[in-house]
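These notes are about the structure you will find just below.
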Amino acid sequence: MNDRRTDVSALSDPAEHLALALTQGGMQRMTARVLAALLFTEQDTLTAGEIAESLTISSGSVSTALKALVSVGLIEKVPAPGSRREHFRFREGAWATLMSEQNQLVKVMREAAEQGIAVTGRDSAAGRRLAEMRDFYDYLWRELPALIDHWKAHR
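Residue 43 in UniProt numbering sits at position 43 of the sequence shown, with consecutive numbering throughout.
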């Protein structure tokens, strides 16, 4: 191991609890553990190698997890002067960014419900269930941006 102190070798109980909660929420297990490591570290950044070593998981698992976390905006690559390795950190404002990205998912779900209504008919049992789905996602589409703005303003 290099001379940087990696303090997440055995994730603390709260970190493991968070990783488990994220997994129960649908995140892949290794992605959740990598995210927890980046959240709970006292270091500014971690390299993929440090994460793999500290969690005793394969470099391939870490690479896959890091790509997923970067793609949704939770973590970012950062320059590290004097280092040839890529460094990663949890991104400031990441949770609001993640929810902002969810707007696209909300739109897709609303459109899927609308397409389903067109096929099943508005007055069918399926059409009524799909209309509730559409109405819910309409509500989220309208309210989520203001909620995120409110969060940012009060932070």
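Even for Gly, the Cβ is constructed at its ideal location relative to N, Cα and C.
Note that the coordinates shown come from a computational prediction; the quantities given were computed from them, not determined experimentally.
- Excluding its 5 nearest sequence neighbours in each direction, Ser61 has C-beta neighbours in its own chain below 6 Å: Met30, listed in chain order.
- Short of 8 Å from the beta carbon of Ile75, and not among the five residues preceding or following it, lie these beta carbons of its own chain, in chain order: Leu35, Leu38, Leu66, Leu69, Phe88, Arg89, Phe90, Arg91, Ala94.
- A straight-line Cα-Cα distance of about 38 Å links Gly116 and Ser63.
- Contact between Arg110 and Arg134 holds: their C-beta atoms lie close to 6 Å from each other, under 8 Å.
- Between Ala32 and Ala112, the alpha-carbon positions lie close to 29 Å from each other.
- In summary, Val119 is exposed, with fewer than 16 beta-carbon neighbours lying within 10 Å of its beta-carbon over all protein chains present.
- For Arg33, the enclosing alpha helix (DSSP H) starts and ends at 29-40.
- When the five nearest sequence neighbours on each side are left out, the beta carbons in the same chain lying within less than 8 Å of the beta carbon of Asp138 are those of Arg110, in order along the chain.
- In the DSSP assignment, Ile117 forms no beta bridge with any residue.
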